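Shown next, in structure tokens, is the structure this report addresses.
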Amino acid sequence: MTPRLSRHKRTTLALATAVAAGALLSTALGTSASAQTPADSTGVAPLAAAPVLLSDTARASLIQQAQTDASDTAREIGLGAQEKLVVRDVVKDADGTVHTRYERTYAGLPVLGGDLVVHTSKAGKTQGVTRATKATLKVATLTPKIAAAKAEKQALTLAKDAGSENTAPDQAPRKVIWAGDGKPVLAYETVVGGLQDDGTPNELHVITDAATGEKLHEYQGVHTGTGRTLYSGTVNLSTTLSGSTYQLYDTTRGGHRTYNLARGTSGTGTLFTDADDVWGTGTASSSSTDQTAAADAAYGAQVTWDFYKNTFGRNGIKNNGVAAYSRVHYGNNYVNAFWSDSCFCMTYGDGAGNVKPLTSLDVAGHEMSHGLTSNTARLVYSGESGGLNEATSDIFGTGAEFYANNANDPGDYLIGEKIDIRGNGTPLRYMDRPSKDGVSVDYWSSGVGSKDVHHSSGIANHFFFLLAEGSGAKTINGVSYNSPTYNGSTITGIGRAKALQIWYKALTTYMTSTTNYKGARTATLNAAAALYGSGSTEYSRVAAAWAAVNVN
0 MTPRLSRHKR TTLALATAVA AGALLSTALG TSASAQTPAD STGVAPLAAA PVLLSDTARA
60 SLIQQAQTDA SDTAREIGLG AQEKLVVRDV VKDADGTVHT RYERTYAGLP VLGGDLVVHT
120 SKAGKTQGVT RATKATLKVA TLTPKIAAAK AEKQALTLAK DAGSENTAPD QAPRKVIWAG
180 DGKPVLAYET VVGGLQDDGT PNELHVITDA ATGEKLHEYQ GVHTGTGRTL YSGTVNLSTT
240 LSGSTYQLYD TTRGGHRTYN LARGTSGTGT LFTDADDVWG TGTASSSSTD QTAAADAAYG
300 AQVTWDFYKN TFGRNGIKNN GVAAYSRVHY GNNYVNAFWS DSCFCMTYGD GAGNVKPLTS
360 LDVAGHEMSH GLTSNTARLV YSGESGGLNE ATSDIFGTGA EFYANNANDP GDYLIGEKID
420 IRGNGTPLRY MDRPSKDGVS VDYWSSGVGS KDVHHSSGIA NHFFFLLAEG SGAKTINGVS
480 YNSPTYNGST ITGIGRAKAL QIWYKALTTY MTSTTNYKGA RTATLNAAAA LYGSGSTEYS
540 RVAAAWAAVN VN
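And the structure:
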């Protein structure tokens, strides 16, 4: 039987959430619509350098044309004869400027850390190139001196030393060119599967020098966040009626589906269905079939989709009108949530005792924003780029929370303030003064790249708060903040709406996989200049906010 759609179905449900909540804005996507600039939440006229919302057809056409012209573009920007460009994404601004993101290959091998963005004018003239590496790609030999098995053994050992269980090669070692730092070399990339020490799926990428066997780099492909959920109140969900049964399937936002893993740790699970279209009870339950966690996850996905569309003109995580999906009831007593590129999905555990699901709004926004980063700058999830990756998810998760404007949980700059993960009523992270959590850092220092990415993210979180709200004591939506500065300066904020636009443009247009904090400063200054002018107040405040967190 052909499913009948419950279009913009307003479903009444009581649901539990944690860190944030928000009202749903039900907006259908017109996939055949022409490009349009999203409305600014401040009511200000669209900026010339702001991204436009592209129809699926328009975006596909730009990507196809860029790939057709890739050889000419490679020659124009000075790449070597053995290098080729592969188009990954395209962003078009209101003034016609196009930013095309490419991956590179060398002699047919993928180049890790070789990504770049080419900026072209409305007339098609190249205006500049943003590169992950400025090093010349030239490798003496493409013949490895060590066997792939040695690289694989090294990767498995590293995973086991980190506490991973059931380790096994998820992918056989592949030859690559490593250009992430220093001189480009022939290398192996090995991906290790299994489970991490806390039960999170493992996707450890290990890069091994193919000549010496030395480990060059490692990073985790599964991006995690923490939260517990019990509070969003009654909200509206878009569902689909198939025969006489409702499905937790939102056709108005790229086809987002919410699945039940029922304590499993693999596969897709079973799509949630219901007879009366009322999902959840608003109370915690240890049942593996409980709908409340599913309602939270679906609601978070709706709000985050609408936030990206209406704030940045982005049509889903990949900007192609196709939604990721959500999985709930992962594992047993699993106190975490994560994004995985391999399944293009968000996954949520049920927390301690299986009664505190991690499906809150800002956790959902955080995890989906890992997907955004993976499909734009691809900030490597280790070192300073990993801190920026985590901060990006905190920044946009916070943006989604404010966008939701839900009276049950007004927007704030606290991460995980409702989950009480420490049992003492304190948030998981603080954006105004990250060090208040006891482990995050407020300011940049030379050793910050060696810290856990959830802690080094404090620098960018602090920068964003200062840029948006300024320094010193203030109260916002009933929450008190007091943000210090490294240099004792007084910072006046430019407002959250402008700060979000600057960070989004920097991420999607001027950051690459290896961007560090110094590079993030350059990227946000470039974004501010494009949006507001190099002589603008916004530009000078970006510079001042970075100086205030010791990034100069």
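Using numbering that gives the first Met the number 0, the letters of the sequence shown correspond one by one to residues 0 to 551.
Backbone N, C-alpha and C fix where the C-beta goes; we use that ideal spot for every residue, glycine too.
Since the model is a prediction, treat every value here as computed from it, not as a measurement.
Checklist entry - With a CB to CB cut of under 7 Å and the five nearest residues on each side skipped, what residues in its chain are close to residue 573? => result The structure shown does not extend to residue 573, since the chain is modelled only from 0 through 551, so no value can be given for it.
Item to check | Beta-carbon proximity of residue 372 to residue 388, cut-off 8 Å | outcome: Taking the C-beta atoms as reference points, residue 388 is found nearer than 8 Å to residue 372.
Checklist entry - Run through DSSP, which three-state label would residue 251 get? => result Helix.
Item to check | Cβ distance (whole Å) where residue 471 is taken to contact residue 456 below 8 Å | outcome: Contact check for residue 471 and residue 456: beta-carbon distance about 22 Å, past the 8 Å limit, so the pair fails to qualify.
Item to check | Limits of the alpha helix (DSSP H) - the one that residue 362 falls within | outcome: Per DSSP, residue 362 belongs to the alpha helix (DSSP H) from 360 to 373.
Item to check | Three-way DSSP call (helix, strand, coil) for residue 509 in this model | outcome: Residue state, collapsed to three classes: helix.
Next on the checklist: Here's the rule I'm using: 16 or more other beta-carbon atoms within 10 Å means buried, otherwise exposed. How should residue 291 be labelled?
Outcome noted: Taking every protein chain shown into account, the CB of residue 291 has 16 or more other CB atoms within 10 angstroms, so this residue is buried.
Item to check | Three or more C-beta pairs below 8 Å linking the region 442 to 458 and the region 532 to 540 | outcome: No: the two stretches stay apart, fewer than three of their Cβ pairs being nearer than 8 Å.
Next on the checklist: Let me check understanding here. Comparing Cα to Cα, which of 135, 412, 149 and 427 lies closest to residue 81?
Outcome noted: It is 135.
Item to check | Local Cβ density within 10 Å of residue 74, reported as buried at 16 or more and exposed below that | outcome: Looking at its Cβ environment, which holds fewer than 16 other Cβ atoms inside 10 Å, residue 74 is exposed.
Checklist entry - Which value, in whole angstroms, describes the spacing of the CA atoms of residue 143 and residue 213? => result Cα to Cα, the separation comes out at about 13 Å.
Next on the checklist: Applying the 10 Å Cβ sphere with the 16-neighbour rule, what's the burial state of residue 85?
Outcome noted: It counts as exposed.
Item to check | Reduced DSSP secondary structure (H/G/I, E/B, other) of residue 326 | outcome: For residue 326, the three-state secondary structure derived from DSSP is strand.
Checklist entry - What beta strand (DSSP E) runs, 3 residues minimum, are completely inside the region 133 to 181? => result Runs of the beta strand (DSSP E) lying entirely within the region 133 to 181, each at least 3 residues long, are 168 to 177 in chain order.
Checklist entry - DSSP state of residue 313, grouped into three classes? => result The DSSP-derived three-state label of residue 313 is coil.
Item to check | Best match in 343, 402, 301 and 252 for proximity to residue 320 [C-alpha to C-alpha] | outcome: In this structure, 252 is the residue among 343, 402, 301 and 252 with its C-alpha nearest to the C-alpha of residue 320.
Next on the checklist: Can you give me the C-alpha to C-alpha distance between residue 235 and residue 273, rounded to a whole angstrom?
Outcome noted: Here the C-alpha atom of residue 235 lies approximately 15 Å from the C-alpha atom of residue 273.
Checklist entry - With 16 as the cutoff for other CB atoms within 10 Å, does residue 437 come out buried or exposed? => result Sixteen is the threshold: since fewer than 16 other Cβ atoms of the shown chains lie within 10 Å of the Cβ of residue 437, the residue is exposed.
Checklist entry - On the three-pair Cβ rule with 8 Å, is the region 141 to 160 touching the region 187 to 206? => result At 8 Å Cβ cutoff, the stretches touch.
Checklist entry - Quick one, are the C-beta atoms of residue 131 and residue 113 less than 8 Å apart? => result Yes, these two residues count as a Cβ contact at 8 Å.
Checklist entry - Using CA coordinates, which residue listed in 468, 203, 129 and 182 is at the minimum distance from residue 151? => result Cα-wise, what sits closest to residue 151 is 203.
Checklist entry - Going by other Cβ atoms of all chains shown within 10 Å of its Cβ, with 16 needed for buried, is residue 486 buried or exposed? => result The residue is exposed, with fewer than 16 neighbouring Cβ atoms inside 10 Å.
Checklist entry - Could you check where the beta strand (DSSP E) with residue 394 kicks off and where it finishes? => result No beta strand (DSSP E) contains residue 394, which is instead part of the alpha helix (DSSP H) from 382 to 403.
Item to check | Contact set for residue 306: own chain, Cβ-Cβ below 6 Å, skip 5 residues either direction | outcome: In chain order, 399 and 402 place their CB closer than 6 Å to the CB of residue 306, counting only its own chain and leaving out the 5 sequence neighbours on each side.
Item to check | residue 100 beta carbon less than 8 Å from that of residue 88 | outcome: Yes; because the gap between Cβ atoms is below 8 Å, this pair is in contact.
Checklist entry - By how many angstroms is the C-alpha of residue 245 removed from the C-alpha of residue 347? => result The straight-line gap from Cα to Cα measures roughly 22 Å.
Item to check | Three-state class that DSSP yields for residue 501 in the structure shown | outcome: The answer is helix: DSSP assigns residue 501 an H, G or I state.
Checklist entry - Below 8 Å between beta carbons: does that hold for residue 300 and residue 255? => result Yes, the Cβ-Cβ distance between residue 300 and residue 255 is below 8 Å.
Next on the checklist: I believe residue 344 touches residue 363 by the beta-carbon criterion, under 8 Å. Please report the beta-carbon distance rounded to the nearest angstrom.
Outcome noted: About 12 Å separates the two Cβ atoms, so there is no contact after all.
Next on the checklist: On the criterion of 16 or more Cβ atoms from any shown chain inside 10 Å, does residue 353 qualify as buried, or is it exposed?
Outcome noted: Buried: at least 16 other Cβ atoms inside 10 Å.
Next on the checklist: Report the CB separation of residue 503 from residue 311 in whole angstroms; it is logged as a contact under 8 Å.
Outcome noted: Their Cβ separation, rounded to whole angstroms, is 5 Å, which keeps residue 503 and residue 311 in contact under 8 Å.
Next on the checklist: Does residue 180 pass the burial test, meaning 16 or more other C-beta atoms within 10 Å, or should it be called exposed?
Outcome noted: By the neighbour-count rule (16 or more Cβ atoms within 10 Å), residue 180 is not buried but exposed.
Item to check | Backbone secondary structure at residue 420 - three-state DSSP | outcome: Three-state DSSP puts residue 420 in coil, outside helix and strand.
Checklist entry - What residues are listed by DSSP as bridge partners for residue 219? => result Note: residue 219 is bridge-paired with 203 in the DSSP secondary-structure output.
Next on the checklist: Restricting to Cα atoms, I'd like to know which of 332, 63, 171 and 475 is closest to residue 264.
Outcome noted: Looking at the Cα atoms, 332 is the closest of the given residues.
Checklist entry - Excluding five sequence neighbours on each side, which residues of the same chain lie with their C-beta closer than 7 Å to the C-beta of residue 462? => result For residue 462, same chain residues with a beta-carbon under 7 Å away, outside a window of 5 residues either side, are 544, 545 and 548 in chain order.
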